[in-house]
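Have a look at the structure below before the remarks.
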Amino acid sequence: MLICSCHERRRAAEQLATKRADQLAIVTGLLLARDPTVTPESVGDLMAQVAPAPGARAAITRHLVAHPEALTAGGSRMPKVVAEFTYAAIAAGITGLTSPGCALCGRPRTLVHTHGDSERICTTCYSRLLTATCSSCGRDGHRIRSRDVDGQPVCPRCHDRARPLEVCAGCQELRGLKRSTRDGLGYCRSCIARRAPTEPCSICGRDRRVNARTATGGAVCTGCYDKTRTGTVACDECGQVVPLAARADGRIGTGTGKNLCAGCYRHPERECGICGRTRRVALRATTVSPDICATCYQAPIVDCSVCGQHALGRRATRNGRPWCFGCQATDRIDRLLAGPDGTIPIGVKEVRDVLVATHRPRSILNNWDRIESLTLLARLARQHDELSHELLDAEGDRFSVGYLRALLVATGVLPDRDEHATRLRRFAAAVIDEIADPRHQQTLGRYARWHVIARAKPDRHGRLNATISDRCRQEIRTAQRFLDHLTRRGRTVDDCTQADLDTWLSTRRATRIRFPRWLLDHGHLPGLALPDAVPAAGPRTQLDQDEHWALVRRMLHDEDSASIEDRAAACLVLLYAQPLSKIVSLTTDDLTLDDDGTYLRLGAEPLLLPPPLDALVTSLPIAKPFGAASTLADQRWLFPGKWAGHHQNPTSMMGRLNKLGITTRTSRNSAMLHLAATVPPAVFASLIGISTGAATKWAGYAGSNWTTYAAIRTNATANPPQNQ
């Protein structure tokens, strides 16, 4: 019996060896068809590594014989051991194979679980499909990370929060840790990411952590994976087949019920638990915290490893140490503005100090790629030894140039100048250069320089304001169009005919007659006649009285209707017919507080402000502008602007008032008619800052001009009407 037992074991071993040899020959033959360099020894080592058990070897052989295309087709319809064998063969350098991938995410991972129609998925995708209501926070549709002592599901967030904090072996910070399989020590998530093995990315070539692999097994980093990722489902909004940001059958927390791409998806709008406004949610509510909008959501407060302050920042951005936003912004500004020797030039350092001192470094970081003024300053500093107004003039009149100029003037790097007057002269020179005829150039030059610009009246601060500058531009441009009109008809100003002039004046005579009248007064247009000046008509538009006073009451008493500065400006328009160019240039010197009340100087005589308008005006400026303008704000302006040392732009204020339903021209007409009907012209002229003649005209429009009443009454008495 003993001899038979040994003989059977020897025969079984021989059969197993023969079977293994046959299996090895079959698998080797399949691999040789893809890679001629394959040897039986290398395939045997792979089989021993991946499938040491006879059943696993048989499963590999059986599946490859039945489905030889599995080595090149990829996909996920194969047993787990076949996928592991393919991964090992690709890693060993065997070419011509295609890496299997998860049926859901497509990444080359161990395919443990079955999904759908005989497809296999990785553990990560399998865990994502297992969703339930968290027993801790109550949120529905989240993955099950663990279970509590009662066996109830716990989501990943609550699981991480429940873990005790320990000292990370990498950054030495108190964090929630995960144990490393390499050394058994605990590391935080940031340190685990830094310690992960890296490979050269097959797309960009950079040495990065592997996020996915190509069909041939090449590494793909996170950045390239996001760029090359393709979608399979069309977006319900735009119809594009692109990667989705929200799915119709996804987590309930999205609240969309649609397949939406990143361009169409929007965070849900709900009431913020901090400011109470209905805004897009940046941080969803939990059992212990409400929904928080993007404005109220703040970064964590850290102990900065550079300056030591307790401020908003990032926990791990500078060599794994916390770094506040102020130090991050300072570092970026210094690296941008520093010269080749590492030092910041004189003239640029003053601007750098102002930017560093700003109270909103996070805004600088968030908008870094859109701050053109900083890039322009760095470029000019590298190309030129000294900054000047002429260098900035060559860059054009865009916003970033004006903003940088205001910074340089406010810091004393550049001398102050009347910017509107300078830009007007540059505009006139550019328009004159557009004229081809030298004689027309000379005529337009005299008109623009000595009639339009020289006669432009500065405001009470001795400068041209935006309104006067725009009106001068319009007059110069209209004169250019008249000369172009003559050129097209083959005429000059000296041989212009009455027909040429009449054609020009056939439309919009009120604006087109000014330049021809100047030409006639200066010896041009000989023998031609111009129509008499059209008497000024009354106001074309005005508000209904009930609507006008409803706006006044809303701006005075409704605190939620607008900001304090907009309400104050609206009241000055609605009650005292003030132009916006004058309102934005009001200073603290125009405001006087007395025992009798609050006085505001709009004209020759100070105006007593009634309550509650006096409280609105005296609270100005309610808030300093942001950025560098807050550090360099001129304390005298009641309406400080975005540019350092400047007041607000009247056009910006007009846009805000229009959104409140206040049209400036119409509201001013209504206010002027009310003043003219209730107050003598000489009185309200001195209070609101207009001439007595203009006030008298408005009194005539309002039907309250009584200056001719005595003469009319005398004539009527001397010549009574005859009875019919």
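Oh and the sequence shown: position 286 is 286 in the UniProt record's numbering, straight run, nothing missing.
Positions of the beta carbon are idealized from the N, C-alpha and C atoms, including for glycine.
query, result
"Given Leu502 as reference, the closest of Leu551, Ala685, His485 once Cα atoms are compared", "Checking the sequence, you will find Asp at residue 502 rather than Leu. Checked all of Leu551, Ala685, His485; the closest Cα to Asp502 is His485."
"Beta-carbon contacts of Ser303 that lie in its chain and below 7 angstroms, excluding the five residues immediately before and after", "Contrary to the premise, residue 303 reads as Asp rather than Ser in this sequence. Answer for Asp303: His310, Pro322, listed in chain order."
"Inter-residue Cα distance where the pair is Leu580 and Val573", "8 angstroms"
"Proximity of Ala466 and Asn649 at Cβ, strictly below 8 angstroms", "yes"
"Inter-stretch contact at 8 angstroms, needing at least 3 Cβ pairs: the region 94-113 / the region 30-39", "yes"
"DSSP three-state assignment for Ser76, whether helix, strand or coil", "coil"
"CB-CB length for Cys238 against Leu244, believed under 8 angstroms", "Not really, about 11 angstroms apart at Cβ, beyond 8 angstroms."
"For residue 725, the residue or residues it bridges with in DSSP", "Because residue 725 is not part of the residues shown, which for the chain are 1 to 724, the question remains open."
"Backbone CA spacing between residue 728 and Thr541 [nearest angstrom]", "One cannot answer for residue 728 here, as it falls past the ends of the chain, which runs 1 to 724."
"Buried or exposed by the 16-neighbour rule on C-beta atoms within 10 Å, applied to Tyr297", "exposed"
"Tyr187 (DSSP reduced to helix, strand or coil)", "strand"
"In chain order, each beta strand (DSSP E) run of at least 3 residues that lies wholly inside the region 260-327", "269-271, 278-283, 301-303, 310-318, 321-324"
"Cβ neighbours of Val604 in the same chain (closer than 7 angstroms, five flanking residues each side left out)", "One detail in the question is off: residue 604 reads as Ala in this sequence, not Val. Hits under 7 angstroms: Ser686."
"Own chain partners of Leu408 with C-beta closer than 7 angstroms, once the 5 adjacent residues on each side are dropped", "Val351, Leu387, Leu414"
"Cβ separation of Tyr599 and Leu586, assumed to be a contact under 8 angstroms, to the nearest whole Å", "No, Tyr599 and Leu586 are not in contact; Cβ-Cβ is about 13 angstroms, not under 8 angstroms."
"Chain-order list of residues whose beta-carbon lies under 7 angstroms from that of Leu519 (same chain, five-residue window excluded)", "Val493, Leu525"
"Secondary structure of Ala83, DSSP reduced to three states", "helix"
"Coil, strand or helix - Ile513 by DSSP", "coil"
"Every unbroken alpha helix (DSSP H) inside the region 421-446 [4 residues or more]", "438-446"
"Secondary structure of Val43, DSSP reduced to three states", "helix"
"Cβ-based burial, Glu41 [other Cβ within 10 Å; buried from 16]", "exposed"
"Proximity winner among Thr114, Val81, Leu528, Gln474, relative to Gln498 (alpha-carbon distances)", "Leu528"
"Local conformation of Val167 per DSSP, three classes", "strand"
"Length of the line joining the Cα atoms of Ala644 and Asp418", "15 angstroms"
"Three-way DSSP call (helix, strand, coil) for Leu2 in this model", "Because the pLDDT at Leu2 is just 44, under 50, the model does not fix this residue reliably, and the value given afterwards should be weighed accordingly. It is helical."
"As assigned by DSSP and simplified to three states, the class of Val154", "strand"
"Helix, strand or coil at Glu386 [DSSP, three-state]", "coil"
"Close Cβ partners of Ile564 (< 8 angstroms) along its chain, the five nearest in sequence each way excluded", "Leu616, Ser619, Leu620, Ile622"
"Three-state secondary structure assigned by DSSP to Trp637", "strand"
"Nearest-angstrom Cα separation, counted from Ala406 out to Asp596", "39 angstroms"
"The region 99-112 touching the region 208-216, judged by at least three CB pairs closer than 8 angstroms", "yes"
"Under 8 angstroms between C-beta atoms of Ser363 and Ser400", "no"
"Unbroken stretches of the beta strand (DSSP E), 3 residues or longer, contained in the region 178-233", "198-200, 207-209"
"Residues near residue 785 by beta carbon distance below 6 angstroms, same chain, minus five either side", "Outside the modelled stretch of the chain, which goes from 1 to 724, sits residue 785, for which no answer is possible."
"Sequence ranges, alpha helix (DSSP H) only - wholly within the region 353-409, length at least 4", "361-366, 372-383, 389-393"
"Sub-8 angstroms separation of Leu130 and Cys122 beta-carbons", "no"
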